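Novice: Let me give you the structure first, and then I'll get to my questions.
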Amino acid sequence: MLPELGHFALILALLLAALQAFFGIAGASASRERWMAAVIPAVAGQAVMVGTAVACLIAAFVSDDFSVNYVAENSNSALPLFYRVTALWGAHEGSLLLWILLLALWTVAVAIGSGRLPARFAARVLGVLGVVSFGFLLFTLATSNPFVRLDPPAPDGRDLNPILQDPGLAVHPPVLYTGYVGFAVAFAFACAAMLEGRLDQQWARWTRPWTTVAWSFLTCGIALGSFWAYYELGWGGFWFWDPVENASFMPWLVGTALVHSLAVTDKRGLFKSWTLLLAILAFSLSMLGTFLVRSGVLVSVHSFAADPMRGIFILAFLVVMIGGALTLYAWRAPLLKSAAGFELGARESFLLFNNVLLVIAAATVFAGTLAPLISDALGLGTLSVGPPYFNPTFLVSMLPLLALLSVGIHANWKRGRLKDSERTLLLSFVAAAVLGCGLALGVWAGGGLLGALGATLGVWIALSSLVDPIDRWRRGLSLPRAVLGMTVAHLGVALMVVALTTVQSFTVERDVALAADGSARVGDYEFRFAGVQPVEGPNYSGVGATVVVMRHGSQVAVLRPQKRQYWVQRQVTSETAITMHRGNNLLLALGDDLGAGRWSLRVQIRPLVSLVWLAAFIMALGGALAASDRRYHVAQAAQRAAADALGEPAR
Amino acid sequence: MNRFLLPLGAFLLLAVVLAIGIKHSPEKGVIASPLVGRPAPQFSLPALSDPARQVRSADLKGHWYLFNVWGTWCAECRAEHPVLLKVQRAGIVPLIGLDWKDDNAQAREWLAQLGNPYETVAVDASGRAAIEWGVYGAPETFLVNPQGIVVYKHVGALTDDTWAREILPRVSAVAAGS
C-alpha cells in the first residue's frame, strides 16, 4: 500500500509543480494577483507530497519490502538499518528522488525568503523553479519510477552495492546535490530577471547569498567525495579526472566565477550580461552532470546502469530548459548597458581576469571530458583522456589566477591606482617568496620547482588576504561577515595551493611483498607485517592484516587493512587503513595472497594530504560566513520598501 | 549578427553531439567480463524439467549456444522473455537457461505461462554456478562458441538490437567462414 501512496504523492507533486510554474510565470506576466497568490501554497503542497514519497520509499527499505523492485535491487535483509535508509540514494531512481526532495526544500527556503522581494519577481522565481521541478518529476515518473512493484516479490534483495556501504555514502550525495540544486536558484533568479526585463543590479544582490550557500555545499560535497574515494575505495589518490568528478567540478569552477561576478554586478553594476550567462551556465553544467551520469554516454566509476531512453529524456529536458534560458538571454542581454566604466588596475579588472581564467579552466575540463564522446560521434574511434592532459592544462589557467588573486585583493573598486598599495603588494610578495622558497628548500628538501612555486603562491595569497582585515583592525573598523568570509575562503585557497603542490611533489608509493613478521622500509617509516586473520561482518566475510608502523624505533600506529567479500553481490572491496602522523598521511591497502603466507601490500605516504580536504572545508566555511552577512537582509528589506514605493502611483 | 546568440548556438551544437553519444551508448554500457575469450566455466547441474537428469557443460561442446541467467524473481527477465522467444524461433543458436536461486515449481509455471525459449534449463539453487560465471545480476547472457570459449557477454535484458548487432554477426561470420 505504502509504495502506491508514494507513487500517488509523486503524481500529485507533478501536478502541483505544473501549477506552481503556470501561476508563477503566467500570473506575473498577466499581473493577476490571485494567480500569484496560489504559488506559495503550490510550493508548500509540492514539498509535502515529495516528502511523503521519500518517506514511503524509506519505509519500504526499512521494512524489507522486496516487492518493490528498487528495494529488491538495492537492499538485503542482512543490511544494517543505517544503510537501508541511505540505500534510498544508492542507485538511479532513488537518487533522482533525493534531487527532487532537495529542490523542493530549496524552493521552500526561497519562498520563505521571498517575503523581502517584490511579489511579481518572487512569483517568477518560484515559477521557474516549478518548471525545473516539473521536468525532474516527469522524468522520474516516466522513466525511473522507484515504486515499481515486483510480482511475485523477491525472496530477498540483491543488496546495496558494497562500495556504497560506508558512512561517506550517507553524506556525500546529499551534500553534493544540495550544491547542484542550489544553482537552480541562481538560474531561477536570472530567468526571472530576464522575464521581467528589469536587469538592474538588484537581482544580483538578491541572488548572492543563495549562490554562495549553494557554492559552499558544492565545495563540501566535492571534498567529501574526494575524501571518500581516498579512504573507502582505496584508489590511492584524491582526484582522478573521472568524467563524473569533472561533471561536479565544472559547475564548481563556473559557480566560483559566478560568485565573484555577482559581487561586481552587485557593487558596481557591471558585467551584467556576463553574470546572467554564468548563472545559466552554472546550472546548465549541473544538469549536464546529471545527464552524463545517468545516460550511459560516458564510462565512469560513478555510472548508473546505462539506459538510452533516460538519456533521450534528459537531453530533451536540457534542450527545453537551457535552450529556453539562452534564447531568453539572446533576446534580453542586448538591452543591457553598463552604467559605469573602470580603469585597468581596478578591482573590476582583476575579477574579470578571475572570471575569464575560471571559465577557461572549466572549458579545458569540459573539452577533456567530452573529447571521447566527440571523437566517438565523429567516428574517430575510442579516445581516452586522462591526467596527462588535465594536470598541465588545468595548471596553465590556475597559476595566473592564483597570482592575480594576490594582486587583485589589494586593488580598489573603480580606480586603477595600485600605487596606494604598491608597498604592501611588494612587501607581501617578497615575504612570500622568501618564506615559500625557504619552506620548500629547508623543511621539505627536494620538492623541485612545483613545491617552491606552490609554497610561494600559497603564502602570498595568505598574506595578501590578511592585509585588509588587519588594516581594518588597526583603524578600529568593524569586520563585516562578508569581508571575513572572503578572507577565510581565500585563506582556504592558500592552504589548498600549498597542500596540493606538496602532495604532488612529495608522495611516496610502493608495492611490497611481505611474509608474516617481515618488514619493509618506505621513507622514514618501517612497516612490520604481523600476518592476516579472517574477519566476519554482518553481510560480508574477508581477511584483515595487522601491520605495525614504526619510525626511528618507536611505534607510530597499528594499521589493519582488510579485504572484504560481500555475500550477496560477491564483490571484493579493499578497506584501506589510514593514519595521520606529523601531517603525513600513511595509507595501507591489502593486495593479493601470494601464497606461503606472503601478501602484497601497497604503501603510500602522502605528506599534508588531509590539508587538501581541510582547505576545501575552510573555503566552504568562508562562503557560509559571507552568505550570513546582515547586509543582504537589511539591504533587501530596504529595497523591498523602495520597490513598493515605486509601485505606488505618484501623488 | 547578435553576439548574444552565440551561447545558444554552442549549446545546440553540444546537444547534437550528446544525441549522437546516446545513439552510440548501448554498446558502451556493456560491462566487460574477464571471461570473454576464456573457456566457459564447467558445471553439472540438475535439469529443471527433470531434476534427476544432469545438464553438463561438457555435453554442450561442439555447437554455439547462448547461456542465459534468469530467475522468476527478476523483473527485467520478464521484460526480456519475448526477445528470448524470438531468438528461439530464429533457430540459429540454442538457448541454455540457468535458473538462478529460484523455486523450481515457480520456474516451471513461468515457462508454462510465458512460453519456453530454452533448449535446456539448468537449476542453480545455491548460486554457485552463477558465481563461477561472474554473474553480477540477472539477466545476463553469454555467447559460447563450439570450442567452449565465451565470445560475448551481455549484461541486462537482451534486446532485438543486441541480438542483431552483437550476437548474430558473431555467429554467422564464423558459419560463413567454415
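Protein chains in written order, with the working numbering: chain A, 30 to 680; chain B, 4 to 181. A virtual CB, placed ideally from N, CA and C, is assigned to each residue, including glycine. Values in this document were obtained by computation on a predicted structure and should not be read as measured data.
Output the distance between the C-alpha atoms of Val-288 (chain A) and Ala-22 (chain B), rounded to the nearest integer angstrom.
Specialist: 32 Å
Novice: Check whether the Cβ atoms of Glu-122 (chain A) and Ser-173 (chain A) lie closer than 8 Å to each other.
Specialist: yes
Novice: For the stretch 357-390 of chain A, list every residue whose C-beta sits within 7 Å of some C-beta in chain B, in sequence order.
Specialist: Tyr-358, Ala-359, Ala-362 and Pro-363
Novice: Can you give me the C-alpha to C-alpha distance between Asp-93 (chain A) and Gly-652 (chain A), rounded to a whole angstrom?
Specialist: 41 Å
Novice: Report buried or exposed for Arg-6 (chain B), applying the criterion of at least 16 other Cβ atoms within 10 angstroms of its Cβ.
Specialist: exposed
Novice: Please state if the CB of Val-200 (chain A) and the CB of Leu-253 (chain A) are separated by a distance shorter than 8 Å.
Specialist: yes
Novice: So is Ser-181 (chain B) in contact with chain A if we call contact Cβ pairs under 8 Å?
Specialist: Caution is warranted here: a pLDDT of 42 is assigned to Ser-181 (chain B), below 50, making its placement in the model unreliable, and no coordinate value can be reported.
Novice: Taking the C-alpha atoms as reference points, what is the distance between Glu-169 (chain B) and Leu-87 (chain B)?
Specialist: Rounded to whole angstroms, Glu-169 (chain B) to Leu-87 (chain B) spans 15 Å at the Cα level.
Novice: Between Val-541 (chain A) and Asp-497 (chain A), what straight-line distance do the alpha-carbon atoms span, to the nearest angstrom?
Specialist: 51 Å
Novice: For Ala-120 (chain A), which residues of its own chain have a beta-carbon under 6 Å away from its beta-carbon, when the five flanking residues on both sides are left out?
Specialist: Asn-103
Novice: Got a sec? Which residues, its chain only, sit under 6 Å from Leu-495 (chain A) by beta carbon, not counting five neighbours each side?
Specialist: none
Novice: Do Gly-573 (chain A) and Gln-591 (chain A) count as a contact pair if the criterion is CB distance below 8 Å?
Specialist: yes
Novice: Measuring alpha carbon to alpha carbon, tell me which of A:Ile-341, A:Thr-319 and A:Gln-230 ends up nearest Val-293 (chain A).
Specialist: A:Gln-230
Novice: Using Cβ-Cβ distances below 7 Å, what residues of the stretch 401-433 of chain A are close to chain B?
Specialist: Leu-402, Ile-403, Asp-405 and Ala-406
Novice: By the three-class DSSP mapping on this structure, what secondary structure does Leu-399 (chain A) have?
Specialist: helix
Novice: Under three-state DSSP, which class holds Trp-628 (chain A)?
Specialist: Assigned with DSSP and collapsed to three states, Trp-628 (chain A) falls in strand.
Novice: So Leu-430 (chain A) and Leu-373 (chain A) are in contact, right, with Cβ under 8 Å, and what is the actual spacing, rounded?
Specialist: Leu-430 (chain A) to Leu-373 (chain A), Cβ: 18 Å. No contact.
Novice: Following the continuous beta strand (DSSP E) through Leu-8 (chain B), name the residue where it begins and the one where it ends.
Specialist: Careful: Leu-8 (chain B) lies outside any beta strand (DSSP E) and carries neither H nor E.
Novice: Looking only at its own chain, which residues have a Cβ that is under 8 Å from the Cβ of Val-154 (chain B), when we skip the five neighbours before and after it?
Specialist: Here the set comprises Val-39, Gly-40, Leu-146, Val-147, Asn-148 and Arg-173.
Novice: Which parts of the stretch 484-571 of chain A are runs of the alpha helix (DSSP H), unbroken and 4 residues or longer, counting only runs that do not cross its ends?
Specialist: 510-535
Novice: Spatial neighbours of Arg-539 (chain A) within its chain, please: CB distance less than 7 Å, with the 5 preceding and 5 following residues excluded, ordered by chain position.
Specialist: Val-551 and Val-632
Novice: Based on Cα-Cα distance, which residue from A:Ala-221, A:Ala-73 and A:Ser-315 lies nearest to Arg-149 (chain A)?
Specialist: Taking only the C-alpha atoms, the option nearest Arg-149 (chain A) is A:Ala-221.
Novice: For Val-210 (chain A), I'd like the list of residues in its chain whose CB is within less than 8 Å of its CB, leaving aside the five on either flank, ordered along the chain.
Specialist: Trp-128, Leu-131, Leu-132, Trp-135, Ala-243 and Ser-315
Novice: Using 8 Å as the cut-off, can you tell me whether the stretch 300-315 of chain A makes contact with the stretch 349-358 of chain A, which would need three or more C-beta pairs spanning the two stretches below that distance?
Specialist: yes
Novice: Under DSSP, the beta strand (DSSP E) around Ala-120 (chain A) begins and ends at which residues?
Specialist: No beta strand (DSSP E) holds Ala-120 (chain A); DSSP gives it neither H nor E.
Novice: With burial defined as no fewer than 16 other Cβ atoms inside 10 Å of the residue's Cβ, what is the status of Gly-60 (chain B): buried or exposed?
Specialist: Strictly speaking, residue 60 (chain B) in this sequence is Ser, with Gly absent from that position. Label assigned to Ser-60 (chain B): buried.
Novice: Can you tell me the Cα-Cα spacing of Ala-50 (chain B) and Val-124 (chain B), whole angstroms?
Specialist: 6 Å
Novice: Between A:Thr-516, A:Leu-543 and A:Val-91, which lies nearest to His-439 (chain A) when the distance is taken from Cα to Cα?
Specialist: That would be A:Thr-516, whose Cα lies nearest to the Cα of His-439 (chain A).
Novice: What residue range is occupied by the uninterrupted beta strand (DSSP E) comprising Lys-156 (chain B)?
Specialist: 153-158
Novice: Under DSSP, the beta strand (DSSP E) around Pro-49 (chain B) begins and ends at which residues?
Specialist: 47-49
Novice: In the DSSP output, what is Gly-100 (chain B) paired with across the bridge?
Specialist: Looking at the DSSP assignment, Gly-100 (chain B) forms a beta bridge with B:Asn-71 and B:Val-124.
Novice: How many angstroms separate the CA atom of Val-641 (chain A) from the CA atom of Leu-524 (chain A)?
Specialist: 8 Å
Novice: On the criterion of 16 or more Cβ atoms from any shown chain inside 10 Å, does His-66 (chain B) qualify as buried, or is it exposed?
Specialist: exposed
Novice: What residues are listed by DSSP as bridge partners for Phe-145 (chain B)?
Specialist: B:Phe-70 and B:Lys-156
Novice: For Ile-607 (chain A), write down the residues that DSSP places opposite it in a beta bridge.
Specialist: A:Leu-616
Novice: Let me confirm a value: Leu-125 (chain A) is counted as buried when at least 16 other C-beta atoms fall within 10 Å, else exposed. Which label applies?
Specialist: Buried, since its Cβ has 16 or more Cβ neighbours within 10 Å.
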